[in-house]
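Participant: In order, the protein sequence lines correspond to chains A and B. In terms of this note's numbering, the first sequence has 379 at position 260, counting the first letter as 1, and numbering is strictly consecutive. In terms of this note's numbering, the second sequence has 373 at position 218, counting the first letter as 1, and numbering is strictly consecutive.
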Amino acid sequence: MTLEEFLIARRDAGRSLLVPYVTGGIRPGWTDVVRAYVDAGADAVEVGFPFSDPMLDGVTIQEASDRAIAGGATVAGILAELAALDVAVPLFAMTYSNLVFQRSGAAFCAALRASGLRGLIVPDSPLEEVGELAGAAAAEGLDLALMAAPSSSPARLREIAGRSRGFVYAVTRMGTTGEGGGTSPAVARLGRDLKGLTDRPVLFGFGVSDPARAAELAGHADGVVVASALMRRLLDGTGPRELGEYVASIRRALDHREPDEQYAPLPRHRRRPDRQDQVGPLPRG
Amino acid sequence: MSEHALMSDPGTTGRFGDYGGRYVPESLIPACHEIEAAFRDAWADPGFRDRLTTTLTVYAGRPTPLTPARRLSRELGITLLLKREDLAHTGSHKINNVVGQALLAERMGRRRLLAETGAGQHGVATATAAALLGLEATVFMGERDIERQELNVRRMNVLGAEVVPVTTGSRTLKDACNEAMRHWVASVDDSYYCVGSVMGPHPYPWMVREFQRVIGEEARVQCGAELPAGVPDYVVACVGGGSNAAGTFAGFVGTTARLVGVEAEGGAAATSGRAGVLHGYRSLVLQDEHGQVREAHSIAAGLDYPGIGPEHAHLRDGGRARYATVTDDEVVRALVRLARTEGILAALESSHALAWVIRAAETGAVAPGSTVMLTLSGRGDKDIAAIKELP
Chain A
120 MTLEEFLIAR
130 RDAGRSLLVP
140 YVTGGIRPGW
150 TDVVRAYVDA
160 GADAVEVGFP
170 FSDPMLDGVT
180 IQEASDRAIA
190 GGATVAGILA
200 ELAALDVAVP
210 LFAMTYSNLV
220 FQRSGAAFCA
230 ALRASGLRGL
240 IVPDSPLEEV
250 GELAGAAAAE
260 GLDLALMAAP
270 SSSPARLREI
280 AGRSRGFVYA
290 VTRMGTTGEG
300 GGTSPAVARL
310 GRDLKGLTDR
320 PVLFGFGVSD
330 PARAAELAGH
340 ADGVVVASAL
350 MRRLLDGTGP
360 RELGEYVASI
370 RRALDHREPD
380 EQYAPLPRHR
390 RRPDRQDQVG
400 PLPRG
Chain B
156 MSEHALMSDP
166 GTTGRFGDYG
176 GRYVPESLIP
186 ACHEIEAAFR
196 DAWADPGFRD
206 RLTTTLTVYA
216 GRPTPLTPAR
226 RLSRELGITL
236 LLKREDLAHT
246 GSHKINNVVG
256 QALLAERMGR
266 RRLLAETGAG
276 QHGVATATAA
286 ALLGLEATVF
296 MGERDIERQE
306 LNVRRMNVLG
316 AEVVPVTTGS
326 RTLKDACNEA
336 MRHWVASVDD
346 SYYCVGSVMG
356 PHPYPWMVRE
366 FQRVIGEEAR
376 VQCGAELPAG
386 VPDYVVACVG
396 GGSNAAGTFA
406 GFVGTTARLV
416 GVEAEGGAAA
426 TSGRAGVLHG
436 YRSLVLQDEH
446 GQVREAHSIA
456 AGLDYPGIGP
466 EHAHLRDGGR
476 ARYATVTDDE
486 VVRALVRLAR
496 TEGILAALES
506 SHALAWVIRA
516 AETGAVAPGS
526 TVMLTLSGRG
536 DKDIAAIKEL
546 P
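1. Could you tell me the distance, in whole angstroms, from the CA atom of B/Ala-541 to the CA atom of A/Leu-276?
2. For the segment 265 to 281 of chain A, list every residue whose C-beta sits within 9 angstroms of some C-beta in chain B, in sequence order.
3. Taking only the alpha-carbon atoms, compute the straight-line gap between A/Ala-407 and A/Val-206 and give it to the nearest angstrom.
4. Select from the segment 172 to 192 of chain B all residues with a C-beta closer than 7 angstroms to any C-beta belonging to chain A, and list them in chain order.
5. Distance, Cα to Cα, B/Asn-251 vs B/Leu-211?
6. Who are B/Thr-234's beta bridge partners in DSSP?
7. Give the C-beta separation of B/Arg-265 and B/Ser-182 to the nearest angstrom, bearing in mind that I take them to be a contact with Cβ-Cβ under 8 angstroms.
8. Considering Cα atoms alone, identify which of A/Val-345, A/Arg-237, A/Val-153 and A/Asp-243 is closest to A/Phe-170.
9. Going by the CB atoms, is the gap between B/Cys-378 and B/Pro-387 shorter than 7 angstroms?
10. How is B/Met-336 classed by DSSP in three states: helix, strand or coil?
11. A/Gly-299 touches chain B at which residues, Cβ-Cβ below 8 angstroms?
12. Chain B partners of A/Gly-324, CB-CB under 8 angstroms?
13. Taking contact to mean at least 3 C-beta pairs separated by less than 8 angstroms, is the segment 220 to 240 of chain B in contact with the segment 165 to 184 of chain B?
14. So what does DSSP say about A/Ser-171, is it helix, strand or coil?
15. Checking 7 angstroms against the spacing of the C-beta atoms, do B/Ala-468 and B/Pro-461 come in under that value?
16. Return the Cβ separation of B/Cys-349 and B/Leu-287 in integer angstroms, given the expectation that the two are a contact with Cβ distance under 8 angstroms.
17. When we look at the beta-carbon of B/Thr-411 and count the other beta-carbons within 10 Å, is it buried (16 or more) or exposed?
18. For B/Trp-198 and B/Ala-292, I'd like the C-alpha separation in whole angstroms.
19. With distance defined between alpha-carbon atoms, name the residue in B/Val-440, B/Glu-334, B/Ala-341 and B/Cys-332 nearest to A/Gly-300.
20. Using DSSP with H/G/I as helix, E/B as strand and the rest coil, what is A/Asp-243?
21. Can you give me the C-alpha to C-alpha distance between B/Ala-405 and B/Leu-493, rounded to a whole angstrom?
22. Three-state secondary structure (DSSP) at A/Phe-325?
23. Between B/Val-353 and B/Ser-398, which are expected to be in contact by the criterion C-beta below 8 angstroms, what is the C-beta distance as a whole number of angstroms?
24. Check the C-beta distance from B/Ala-476 over to B/Leu-414 and give it rounded, since I have them as a contact under 8 angstroms.
25. Using a C-beta cutoff of 7 angstroms, does A/Thr-295 count as contacting chain B?
26. Quick check: is the beta carbon of A/Ile-240 nearer than 7 angstroms to any beta carbon in chain B?
27. Check whether chain A comes within 7 angstroms of B/Met-162, counting only Cβ atoms and requiring the distance to be less than that.
28. Output the distance between the C-alpha atoms of B/Gly-498 and B/Leu-490, rounded to the nearest integer angstrom.
29. Based on the DSSP secondary-structure assignment, which residues constitute the bridge partners of A/Leu-265?
30. Can you say whether B/Ile-539 is buried or exposed, counting buried as having 16 or more other CB atoms within 10 angstroms of its CB?
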């Protein structure tokens with residue numbers, strides 16, 4: 120089952136999707152954090168491959184990246200640890216173009232697949248530059264998710280929705296990753312526009328700083344990606360168990376969200392009636 | 156590769172061979188499109204071109220002279236001509252680009268200029284152009300560079316610009332670029348990112364080269380008047396990101412002149428970098444075996460940059476330009492030698508180009524009697540404190 124199939128199945132089972140993030144190699148035993156996320160009800164986990172010059176990241180993910188690199192984290196090392204990890208939800212990579220194109224997009228995708236990852240997202244490879252990588256990802260059965268922004272034109276949103284795989288990553292604000300920020304009409308509109316363009320799950324990221332905000336944003340899309348709020352706690356010394364408890368609190372907020380009047384009636388295109396609600400563990404790639 | 160295609164319009168994809176492009180987050184793509192469209196429109200508008208030329212003439216002091224370095228030429232056994240960008244307003248070639256981009260920002264209705272700066276020359280130029288046009292300026296500068304270039308920080312402050320210290324990473328130019336881009340994402344509606352070199356996402360490498368082309372075009376005409384052959388044997392410029400070199404080469408790429416870019420030994424992306432993606436473009440980048448970008452090291456803050464403009468990478472691959480390195484020691488000796496033979500105090504950055512010419516002439520790599528046109532990109536007042544011991 121691909122990342123996209125997995126997420127669609129869960130969404131169609133009536134669940135708001137929750138995707139927590141961890142910077143690979145941020146501390147010894149960091150894969151325990153991945154396990155804790157999954158046990159707490161994550162639907163997928165985003166694993167950051169730290170880069171020295173993360174253009175789209177705010178102070179928290181920058182600090183997490185610096186710490187991981189200083190601790191000796193490398194793409195190969197992170198992949199080796201992930202290969203030894205067996206969890207019941209898909210994992211996907213988040214990293215920057217310079218790491219992806221070290222050898223080639225094809226080599227990078229092959230390495231991800233060999234370690235059991237199901238997709239990737241590369242924030243500094245927009246539509247204009249993503250062609251070769253999209254081909255390489257597809258050849259390896261990986262879903263390459265694209266980002267949509269409040270500044271994206273309707274024509275671009277259509278193309279992003281059409282070419283993204285796995286899900287569409289909608290950023291809630293013009294800015295870098297980080298906590299804070301309120302829901303604006305533009306965010307609700309972005310979620311609504313994307314939902315009208317694709318049946319792929321639409322996840323909001325950036326500024327998903329607490330359970331209430333996660334639930335609010337999930338009302339305008341299919342779910343959320345939570346990164347800085349978790350990495351801030353981890354950098355401050357919070358361990359995997361407590362991080363898991365925090366993710367569980369977001370899970371509960373999403374599960375008990377009031378149905379959203381605006382969102383609920385939206386049609387879902389191409390929904391397949393035979394989609395199974397229950398999914399078992401992923402076979403290893 | 157035809158010479159005709161070199162240093163021309165890279166089209167909508169912004170590609171120079173394998174290099175360039177637009178590797179920025181989706182949030183910034185509309186801004187890049189808007190700037191490209193505005194630049195294409197302005198560049199085709201005689202009114203804009205007139206205003207730029209007039210501003211460069213009556214305000215920035217163009218054309219800058221081509222000075223024969225008579226005593227140094229005699230010592231080296233060559234004919235050395237210096238294109239005097241140190242005599243442009245604010246003391247370096249950076250003003251050419253900044254006046255162009257500030258006029259464009261004004262035309263686009265932007266109220267504020269954002270800029271990164273290394274040595275502070277681009278920051279000073281941006282603060283200057285902002286003051287001239289009544290715009291605000293916010294300049295991002297690495298903490299280490301702020302320490303090294305205190306004078307330029309004070310100049311920016313006096314000119315009314317806000318200087319934001321950057322405390323991340325190596326605290327130099329590359330980190331200032333990251334921070335400027337992050338800030339740009341968050342303020343793209345009212346701010347214009349005034350990139351200081353031939354780097355960044357398309358259209359910047361092309362646009363900045365076009366705004367710097369005036370160096371090469373003036374020098375080409377001046378060489379025609381000064382040299383019996385009309386064209387020099389060598390055209391030499393220093394390269395950090397490579398804007399003065401790009402502007403210079405643009406005037407000579409269609410001639411027989413050999414083009415030489417000179418990098419700092421500790422910041423030599425063209426010489427020892429690998430293909431990579433940094434700050435929105437694909438080019439040659441200094442990086443470790445895992446793909447983490449390395450810190451560059453140079454006595455010249457303006458060359459402390461681990462990338463190189465994508466068009467330089469393309470010129471290198473095709474062999475139309477060659478790139479060499481010099482050491483900090485050679486640079487300081489060259490600076491002092493020019494000061495004592497010609498009474499010209501060049502910037503440490505520009506002294507890289509000079510150091511290569513001196514070495515090449517003394518080793519015979521540049522044959523006796525050769526003619527050399529060197530772009531002296533800026534003046535050295537800012538660097539006096541860095542020259543601790545006179546050779």
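Glycine included, each C-beta is placed from N, C-alpha and C at the ideal position.
Facilitator: Taking the coordinates as given:
1. Taking the second sequence and counting its residues from 1, one reaches residue 541 of chain B at position 386. Taking the first sequence and counting its residues from 1, one reaches residue 276 of chain A at position 157. Cα-Cα distance, rounded: 51 angstroms.
2. Cβ contacts with chain B: Leu-265, Met-266, Ala-267, Ala-268, Pro-269, Ser-270, Ser-271, Ser-272, Arg-275 and Ile-279.
3. Residue 407 of chain A lies beyond the range of chain A shown here (120 to 404); nothing can be said about it.
4. Taking 7 angstroms as the upper bound on Cβ-Cβ separation, chain A lies near residues Gly-176, Arg-177, Tyr-178, Val-179, Pro-180, Glu-181, Ser-182, Ile-184 and Pro-185 of the segment 172 to 192 of chain B.
5. As a working note, residue 251 of chain B is residue 96 in the second sequence. As a working note, residue 211 of chain B is residue 56 in the second sequence. Their backbone Cα atoms lie some 7 angstroms apart in a straight line.
6. Position 79 of the second sequence holds residue 234 of chain B. The beta-bridge partner set that DSSP reports for B/Thr-234 consists of B/Thr-526.
7. As a first step, residue 265 of chain B is located in the second sequence; it is residue number 110 there, counting from the start. As a first step, residue 182 of chain B is located in the second sequence; it is residue number 27 there, counting from the start. In this structure, B/Arg-265 and B/Ser-182 do not form a Cβ contact; the two beta carbons are roughly 17 angstroms apart against a cut-off of 8 angstroms.
8. Mapped onto the first sequence, residue 170 of chain A falls at position 51. When C-alpha distances from A/Phe-170 are compared across A/Val-345, A/Arg-237, A/Val-153 and A/Asp-243, the shortest belongs to A/Asp-243.
9. For this step, residue 387 of chain B is matched to residue 232 along the second sequence. For this step, residue 378 of chain B is matched to residue 223 along the second sequence. In contact: B/Pro-387 and B/Cys-378 (Cβ atoms closer than 7 angstroms).
10. For the purposes of this step, residue 336 of chain B is taken as the residue at position 181 of the second sequence. B/Met-336 falls in the helix class under three-state DSSP.
11. Walking along the first sequence from the start, residue 299 of chain A turns up at place 180. Residues of chain B whose Cβ lies closer than 8 angstroms to the Cβ of A/Gly-299 do not exist; the shortest such Cβ separation is about 12 angstroms.
12. As a working note, residue 324 of chain A is residue 205 in the first sequence. Within chain B, no residue comes near A/Gly-324; the closest Cβ sits about 12 angstroms away, beyond 8 angstroms.
13. Flag = no, the segment 220 to 240 of chain B and the segment 165 to 184 of chain B do not touch.
14. Start at 1 with the first residue of the first sequence, and residue 171 of chain A comes out as number 52. It is coil, neither helix nor strand.
15. Mapped onto the second sequence, residue 468 of chain B falls at position 313. Mapped onto the second sequence, residue 461 of chain B falls at position 306. Judged by their CB atoms, B/Ala-468 and B/Pro-461 are not nearer to each other than the 7 angstroms cut-off.
16. What you label residue 349 of chain B is simply residue 194 of the second sequence in a count that begins at 1. What you label residue 287 of chain B is simply residue 132 of the second sequence in a count that begins at 1. The Cβ separation is near 13 angstroms, so there is no contact.
17. Translated into positions along the second sequence, residue 411 of chain B becomes position 256. B/Thr-411 is exposed by the Cβ-count criterion.
18. Locating residue 198 of chain B in the second sequence gives position 43, counting from the first residue. Locating residue 292 of chain B in the second sequence gives position 137, counting from the first residue. For the pair B/Trp-198 and B/Ala-292, the Cα-to-Cα distance works out to about 24 angstroms.
19. Along the first sequence, one-based indexing puts residue 300 of chain A at 181. Taking only the C-alpha atoms, the option nearest A/Gly-300 is B/Ala-341.
20. One-based indexing of the first sequence puts residue 243 of chain A at position 124. A/Asp-243 sits in coil when the DSSP states are folded into three classes, being neither helix nor strand.
21. As a working note, residue 405 of chain B is residue 250 in the second sequence. As a working note, residue 493 of chain B is residue 338 in the second sequence. Between B/Ala-405 and B/Leu-493, the C-alpha separation is close to 26 angstroms.
22. As a first step, residue 325 of chain A must be located in the first sequence, where it is residue number 206. For A/Phe-325, the three-state secondary structure derived from DSSP is coil.
23. On the second sequence, position 198 is the one that residue 353 of chain B refers to. On the second sequence, position 243 is the one that residue 398 of chain B refers to. Right, their Cβ atoms sit about 5 angstroms apart.
24. Here residue 476 of chain B is taken as the residue at index 321 of the second sequence, counted from 1. Here residue 414 of chain B is taken as the residue at index 259 of the second sequence, counted from 1. Rounded to whole angstroms, the Cβ separation of B/Ala-476 and B/Leu-414 is 4 angstroms, and the two are in contact under 8 angstroms.
25. Your numbering for residue 295 of chain A matches position 176 in the first sequence. With its beta carbon less than 7 angstroms from one in chain B, A/Thr-295 belongs to the interface.
26. Position 121 of the first sequence, counted from the first residue, corresponds to residue 240 of chain A. Contact with chain B is absent for A/Ile-240, since none of that chain's Cβ atoms lies less than 7 angstroms from the residue's Cβ.
27. Position 7 of the second sequence, counted from the start, is the residue given in the question as residue 162 of chain B. Using a CB distance cut-off of 7 angstroms, B/Met-162 does not count as an interface residue toward chain A.
28. Position 343 of the second sequence holds residue 498 of chain B. Position 335 of the second sequence holds residue 490 of chain B. Taking the straight line joining both Cα atoms gives about 11 angstroms.
29. The residue labelled residue 265 of chain A in the question sits at position 146 within the first sequence. Answer is A/Val-287, bridged to A/Leu-265.
30. Here the question's residue 539 of chain B lines up with position 384 in the second sequence. Answer is exposed; the Cβ neighbour count stays below 16.
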